[in-house]
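Chemist: Start counting at 1 in the sequence shown, then tack on 5, and there's your number in my numbering.
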Amino acid sequence: MSLLLMLLPESRDGRVYSRLARLYSSSGQKAFAERTLRDGLGRVKGGRDRAYLLHALGTLTNDADMFKEAVKEHPLPHSYHSLAKSLPAAEALSVLSSALQACAGQDTSRLIHLQGDCHRRLGSYGLAAACYLEGAKKSATPWFCLTGLAAVYYEEGRTEDAIEQLVRCTSMEPRHSQGWLALCRVLEESSAPARARSKYLSAVRFYESAAAAGRVRRGKWPLVYASFARFLVEEGKGRAAVKVAARAADMFEDDERCHVVWAAVLKKEGRELEAREVYKAAKKGGWLKGRGHKKWGELEMDMLQYDSALRLFEMSMDAGGAEGLYETWAVCLWQLGRDEEAREVFGRAGDSWWSWLVRGKFELDRGNVHLAHHSACRAVTASGGEASEALAFWADVMERLGVKADTVEGVRDRSRLVAWTETEERAEGGGGGDYPLKRRGKGDFWDVEDRWGLSSDTLDI
């Protein structure tokens with residue numbers, strides 16, 4: 006970093022500013038990183054270097070407008086890629102079509118891969134497969150595209166073809182963590198636990214051997230360990246799950262998710278005090294962020310330590326927050342009988358159907374049936390009528406209000422139908438085309454990012 010700082014005052018090279026900003030960002034100094042990039046934009050007047058700076062700023066600030074500005078300066082494939090990823094699939098395809106023309110002569114395999122992802126999300130499996138195959142031919146890392154092709158096979162119901170393709174990918178490049186994760190998840194979903202367990206073991210043994218020799222990067226490997234631990238819990242092998250989760254936290258000590266998973270497995274085994282110690286050690290090491298503090302707070306709530314939980318929720322907010330933080334925080338205040346504070350925190354929560362459902366249950370518990378009904382209506386509306394829990398709660402509240410029995414029963418019938426549909430989609434591997442790419446199950450333990458990792462943003466371009 007000192008050499009870069011020496012070069013900075015006179016530099017017109019965007020790469021110097023980008024590299025320094027990356028170093029600042031990786032050490033948690035986001036404000037310095039942004040200031041460095043904006044300083045560079047003030048000195049670098051145009052062309053490819055300026056495009057790199059705009060791309061870096063867009064990545065740092067999550068601002069898609071920066072990617073638009075970047076491609077105006079110079080047609081960078083990775084800027085088009087980031088821009089397309091910020092858009093709905095149909096719009097992204099239009100951008101990608103233009104990008105492939107503008108970036109002719111450059112490596113566009115990443116853009117073709119993303120085209121495949123978009124077609125797959127839209128259910129156009131033939132077009133998706135064609136894109137993945139074309140991308141694999143043009144890419145120096147074809148296993149990423151071929152893993153996407155396996156997802157097409159899986160979603161078409163060709164499970165054995167998907168497995169065969171993923172075995173090929175992991176044989177072609179054993180360091181391909183996304184491929185291992187996908188392979189193990191498909192084997193689980195196809196009711197082949199023995200094969201899944203064998204592949205999980207092969208994956209982690211390979212990683213540890215390669216890591217010891219310095220031949221592998223982190224990639225999605227923490228998620229492989231997290232998914233393996235969850236699988237072992239499902240199999241009733243809690244002690245083995247604890248060992249796998251602890252190993253992951255030791256190997257990837259700066260990855261917050263690994264500590265959260267380790268604590269979750271311990272909690273699942275009824276070892277809450279040990280789970281608390283995991284969080285304490287992670288905090289001492291500086292590895293807990295918004296999500297970790299929130300999860301620790303939830304553990305304290307389960308142990309009826311509500312005041313401790315409140316302090317942790319405040320720490321979570323200071324560290325950037327986490328999904329569902331305000332709802333959980335409000336429930337904690339609710340349990341303490343601090344109703345007005347709970348309402349104030351609920352007011353800071355989002356407009357998701359889940360948020361409105363929790364608010365409604367709070368108001369119903371406090372005897373405010375009309376407020377509960379308002380929240381129930383908002384929950385049903387926010388879900389588009391496709392959340393069985395929201396519908397069931399709406400029916401309960403209407404019954405309390407004395408609404409006609411046939412109306413209440415009609416809503417309950419709808420709730421049961423939606424719940425049955427959700428169950429069938431999971432059983433059939435449905436769920437809007439993403440299942441099991443994102444798996445959600447029961448309880449806190451399932452809130453683990455054990456997705457396949459098929460997105461083309463994992464490519465090293």
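Ideal Cβ positions, reconstructed from N, Cα and C, are used throughout, including at glycine.
Quick check on this structure: which residue in L127, S30, L341 and L28 has the alpha carbon closest to the alpha carbon of R371?
Modeler: Locating residue 371 in the sequence shown gives position 366, counting from the first residue. Checked all of L127, S30, L341 and L28; the closest Cα to R371 is L341.
Chemist: Write down the C-beta distance between L58 and S31 rounded to the nearest angstrom, noting that I regard them as a contact closer than 8 Å.
Modeler: Numbered from 1 along the sequence shown, position 53 holds the residue referred to as residue 58. Numbered from 1 along the sequence shown, position 26 holds the residue referred to as residue 31. Wrong, their Cβ atoms sit about 17 Å apart, outside the cutoff.
Chemist: Does DSSP put S102 in a helix, in a strand, or in coil?
Modeler: Within the sequence shown, numbered from 1, the residue matching residue 102 stands at position 97. Helix at S102.
Chemist: Taking the straight line between their C-alpha atoms, what separation do you get for V385 and W361?
Modeler: The sequence position of residue 385 within the sequence shown is 380, counting from 1. The sequence position of residue 361 within the sequence shown is 356, counting from 1. In a straight line, the C-alpha of V385 is about 9 Å away from that of W361.
Chemist: Ends of the alpha helix (DSSP H) at V350?
Modeler: Along the sequence shown, one-based indexing puts residue 350 at 345. Unbroken alpha helix (DSSP H) run through V350: D344 to F351.
Chemist: Could you tell me how far apart the beta carbons of E261 and L293 are, in whole angstroms, since I believe they sit closer than 8 Å?
Modeler: Position 256 of the sequence shown, counting from 1, holds the residue named residue 261. Position 288 of the sequence shown, counting from 1, holds the residue named residue 293. The pair is a contact, with the Cβ atoms about 6 Å apart (cut-off 8 Å).
Chemist: Heavy atom of the ligand ATP less than 7 Å from the Cβ of E391, yes or no?
Modeler: This structure lacks the ligand ATP, and indeed carries no ligand of any kind.
Chemist: Once DSSP output is grouped into helix, strand and coil, what is the label at E239?
Modeler: If you number the sequence shown from 1, residue 239 lands on position 234. Correct three-state label for E239: helix.
Chemist: Could you check where the alpha helix (DSSP H) with W292 kicks off and where it finishes?
Modeler: Here residue 292 refers to the residue found at position 287 of the sequence shown. Counting along the chain, W292 falls outside any alpha helix (DSSP H), and DSSP gives it neither H nor E.
Chemist: Report yes or no: do three or more beta-carbon pairs, one from the stretch 229-249 and one from the stretch 204-219, lie closer than 8 Å?
Modeler: With a cut-off of 8 Å, the stretch 204-219 and the stretch 229-249 count as touching, because enough Cβ pairs lie within range.
Chemist: With distances taken from CA atoms, which of K242, D312, T175 and F351 is nearest Y212?
Modeler: Walking along the sequence shown from the start, residue 212 turns up at place 207. Nearest of K242, D312, T175 and F351 to Y212, Cα basis: T175.
Chemist: Among residues of its own chain, excluding the 5 on either side of R405, which ones have a beta-carbon nearer than 6 Å to its beta-carbon?
Modeler: What you label residue 405 is simply residue 400 of the sequence shown in a count that begins at 1. Hits under 6 Å: V374.
Chemist: Which whole-angstrom value describes the C-beta separation of K73 and L88, a residue pair presumed to lie in contact below a C-beta threshold of 8 Å?
Modeler: For the purposes of this step, residue 73 is identified with residue 68 of the sequence shown, where counting begins at 1. For the purposes of this step, residue 88 is identified with residue 83 of the sequence shown, where counting begins at 1. The Cβ separation is near 6 Å, so the contact holds.
Chemist: Would you kindly work out how many angstroms separate the C-alpha atoms of R244 and V265, rounded to a whole number?
Modeler: Your numbering for residue 244 matches position 239 in the sequence shown. Your numbering for residue 265 matches position 260 in the sequence shown. Using only the alpha carbons, I get a separation of about 17 Å.
Chemist: Taking D166 as part of the alpha helix (DSSP H), name the residues at either end of that continuous run.
Modeler: Counting from one through the sequence shown, the residue named residue 166 turns up at place 161. Where D166 is concerned, the enclosing alpha helix (DSSP H) stretches over T164 to M177.
Chemist: For G110, does the count of other Cβ atoms within 10 angstroms reach 16, so buried, or fall short, so exposed?
Modeler: Walking along the sequence shown from the start, residue 110 turns up at place 105. Label assigned to G110: exposed.
Chemist: Check whether the Cβ atoms of C123 and L98 lie closer than 8 Å to each other.
Modeler: In the sequence shown, the residue the question calls residue 123 occupies position 118. In the sequence shown, the residue the question calls residue 98 occupies position 93. Yes, the pair counts as a contact, with Cβ atoms nearer than the cut-off.
Chemist: Alpha carbon to alpha carbon, what distance is there between W148 and A467?
Modeler: For the chain, the structure presents residues 6 to 466; residue 467 sits outside this window and is missing.
Chemist: Under DSSP, the alpha helix (DSSP H) around V221 begins and ends at which residues?
Modeler: Residue 221 sits at position 216 when you count from the first residue of the sequence shown. Element bounds for V221: n/a, residue is neither H nor E.
Chemist: Using beta-carbon positions only, say whether V416 and A400 come within less than 8 Å of one another.
Modeler: If you number the sequence shown from 1, residue 416 lands on position 411. If you number the sequence shown from 1, residue 400 lands on position 395. Result yes, Cβ atoms of V416 and A400 sit closer than 8 Å.
Chemist: What is the DSSP secondary structure of F257, reduced to helix, strand or coil?
Modeler: Indexing the sequence shown from 1 puts residue 257 at position 252. It is coil, neither helix nor strand.
Chemist: Can you give me the start and stop residues for the alpha helix (DSSP H) that A395 sits inside?
Modeler: One-based indexing of the sequence shown puts residue 395 at position 390. S393 to R405 is the extent of the alpha helix (DSSP H) around A395.
Chemist: V191 and T164: beta carbons closer than 8 Å?
Modeler: Position 186 of the sequence shown holds residue 191. Position 159 of the sequence shown holds residue 164. Yes, these two residues count as a Cβ contact at 8 Å.
Chemist: Helix, strand or coil, according to DSSP, for S196 in the structure here?
Modeler: By 1-based counting over the sequence shown, the position of residue 196 is 191. Correct three-state label for S196: coil.
Chemist: Let me confirm a value: A314 is counted as buried when at least 16 other C-beta atoms fall within 10 Å, else exposed. Which label applies?
Modeler: Translated into positions along the sequence shown, residue 314 becomes position 309. Buried, by the Cβ-count rule.
Chemist: Who are the Cβ neighbours of R27 in its own chain at under 8 Å, not counting the five residues just before and after it?
Modeler: Against the sequence shown, residue 27 aligns to sequence position 22. So the qualifying residues of the chain are A38 and A61.
Chemist: Can you say whether G19 is buried or exposed, counting buried as having 16 or more other CB atoms within 10 angstroms of its CB?
Modeler: If you number the sequence shown from 1, residue 19 lands on position 14. Answer is buried; the Cβ neighbour count reaches 16.
Chemist: Flag this pair as yes or no: are the beta carbons of V157 and A141 separated by less than 8 Å?
Modeler: For the purposes of this step, residue 157 is identified with residue 152 of the sequence shown, where counting begins at 1. For the purposes of this step, residue 141 is identified with residue 136 of the sequence shown, where counting begins at 1. Not in contact: V157 and A141 (Cβ atoms no closer than 8 Å).
Chemist: Excluding the 5 residues flanking Y331 on each side, which residues of the same chain have their C-beta closer than 6 Å to its C-beta?
Modeler: What you label residue 331 is simply residue 326 of the sequence shown in a count that begins at 1. The answer, listed in chain order, is V350, R353 and A354.
Chemist: Where R173 and L186 are concerned, what is the direct C-alpha to C-alpha distance, given to the nearest angstrom?
Modeler: The residue given as residue 173 occupies position 168 in the sequence shown. The residue given as residue 186 occupies position 181 in the sequence shown. Their Cα atoms are separated by approximately 14 Å.
Chemist: For M403, count neighbouring C-beta atoms within 10 Å of its own C-beta (all shown protein chains included) and say buried if the count is 16 or more, exposed if not.
Modeler: One-based indexing of the sequence shown puts residue 403 at position 398. The residue in question, M403, is buried, as its Cβ has 16 or more Cβ neighbours within 10 Å.
Chemist: Whole angstroms is fine: what's the gap from T146's alpha carbon to W334's?
Modeler: By 1-based counting over the sequence shown, the position of residue 146 is 141. By 1-based counting over the sequence shown, the position of residue 334 is 329. So the alpha carbons of these two residues sit roughly 44 Å apart.
Chemist: So, R126 versus A94, is the Cβ gap smaller than 8 Å?
Modeler: For the purposes of this step, residue 126 is taken as residue 121 along the sequence shown, with counting starting at 1. For the purposes of this step, residue 94 is taken as residue 89 along the sequence shown, with counting starting at 1. Result yes, Cβ atoms of R126 and A94 sit closer than 8 Å.
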